[in-house]
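Using the numbering used here, the first residue of the sequence shown is number 10, and each one after it goes up by one.
All C-beta atoms in this analysis are idealised placements derived from N, C-alpha and C, irrespective of residue type, glycine included.
Take a look at the structure below.
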Amino acid sequence: MLRIGLCLLGLSLAVAGCGQDPETASRSSDGEARLETFTFFGLGRQSALDEAARDRLGKELGAAAVARRGIVDLGFQRPGWLARYLPDLDRLNRRLNNDFRERVEYDVLTLRYNYPTRSSPAFEKVRLVFDGKTRHPLYFEILANAAGAEILQVLEDKYGPPADRGREGEKVLLWEKHGDRLVVLPRTNRLGRPEYLIGIYFVGRIESLLKDRTEDRGGKTGGGVADAF
10 MLRIGLCLLG
20 LSLAVAGCGQ
30 DPETASRSSD
40 GEARLETFTF
50 FGLGRQSALD
60 EAARDRLGKE
70 LGAAAVARRG
80 IVDLGFQRPG
90 WLARYLPDLD
100 RLNRRLNNDF
110 RERVEYDVLT
120 LRYNYPTRSS
130 PAFEKVRLVF
140 DGKTRHPLYF
150 EILANAAGAE
160 ILQVLEDKYG
170 PPADRGREGE
180 KVLLWEKHGD
190 RLVVLPRTNR
200 LGRPEYLIGI
210 YFVGRIESLL
220 KDRTEDRGGK
230 TGGGVADAF
């Protein structure tokens with residue numbers, strides 16, 4: 010089962026489609042360049058979450074808890090690590106959250122899978138966040154168990170060696186492709202077992218979400234209490 014799950018991961022964390030050069034830009038009907046970067050179970054920045062995609066995720070990960078509005082926090086709910094290791098993403102995160110002075114909510118659709126038990130036993134928790142209007146993916150957060158060591162090898166085989174942004178013995182492994190980011194944080198859990206935090210950030214899509222919200226508010230970037238009166 011573990012091997013099957015890892016094979017699926019190898020297929021899902023892949024660039025472009027079979028037989029296609031991942032560096033080649035395909036073009037949509039309106040002539041816009043469409044560059045795929047990182048994907049998870051077939052969902053990448055050029056995807057939109059539809060019923061077929063929901064069904065595919067259900068087969069691989071089980072039932073999802075669904076939230077239809079909420080905050081957008083790129084920091085794995087670990088305060089300070091973005092500023093320490095990935096300052097460009099930290100700046101974007103602060104813009105999204107009005108520098109954390111107040112709670113800012115967005116029209117997002119979040120799918121959360123806890124302890125998937127089907128064909129992907131390498132994953133402990135999966136959180137997939139999409140733009141609520143376009144259904145394009147914004148960012149994915151994945152917690153993998155000890156199988157993550159083999160996942161790292163899968164990623165290196167596909168994308169080459171990552172940059173290590175870590176300090177003082179802590180690893181923060183980073184791949185960048187066409188502006189998007191794939192980040193892996195190896196760590197030890199409370200029981201002393203290895204686990205891996207994996208983040209996929211579709212930066213252009215996140216910027217578009219922020220731009221749309223700013224335009225909807227007439228150029229204002231605040232939120233929370235300011236919206237109540």
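Residue i - DSSP class collapsed to helix/strand/coil
i, result
"I13", "Low confidence applies here, because I13 scores a pLDDT of 42, under 50, leaving its location unreliable; read the following figure in that light. DSSP places I13 in helix when its eight states are reduced to three."
"E185", "strand"
"L152", "strand"
"F132", "strand"
"A42", "At A42 the pLDDT is 46, less than 50, meaning the model places this residue with poor confidence and gives no usable figure here."
"V212", "helix"
"A62", "helix"
"Y124", "coil"
"R176", "coil"
"R103", "helix"
"T33", "Note that T33 scores 36 on pLDDT, short of 50, meaning its location in the model is unreliable; the coordinates nonetheless yield the value given after this. T33: coil per DSSP, three-state reduction."
"A76", "strand"
Closest Cα partner of residue i within the set the options
i, options, result
"V138", "P130, I80, F132 and R93", "I80"
"A158", "A172, A131, P146 and E150", "A131"
"I215", "R144, G67, Y168 and L161", "R144"
"E204", "P125, L161, L58 and N154", "N154"
7 Å Cβ shell around residue i - same chain, five flanking residues per side excluded
i, result
"I209", "F47, F49, Y148, F149 and L191"
"L20", "In this predicted model, L20 has a pLDDT of only 42, less than 50, meaning its place in the structure is not dependable; the value taken from the coordinates is given anyway. Hits under 7 Å: none found."
"D225", "none"
"L219", "R104 and L105"
"G233", "Reliability fails at G233, whose pLDDT of 49 lies under 50, so the model's placement of it is uncertain and no value is given."
Beta-carbon gap between residue i and residue j smaller than 8 Å
i, j, result
"R100", "D189", "no"
"L200", "V135", "no"
"D116", "R78", "yes"
"L120", "L66", "yes"
Neighbourhood of residue i by C-beta, 6 Å cutoff - its chain only, sequence neighbours within 5 removed
i, result
"V212", "G188 and D189"
Cβ neighbours of residue i in the same chain (closer than 8 Å, five flanking residues each side left out)
i, result
"E165", "P171"
Near the ligand ADP: residue i beta-carbon under 7 Å from a heavy atom
i, result
"R202", "Looking at this structure, you won't find the ligand ADP or any other ligand, since it has none at all."
Taking 8 Å as the cut-off, does the stretch 195-204 touch the stretch 88-97 (at least 3 CB pairs, one atom from each stretch)? no
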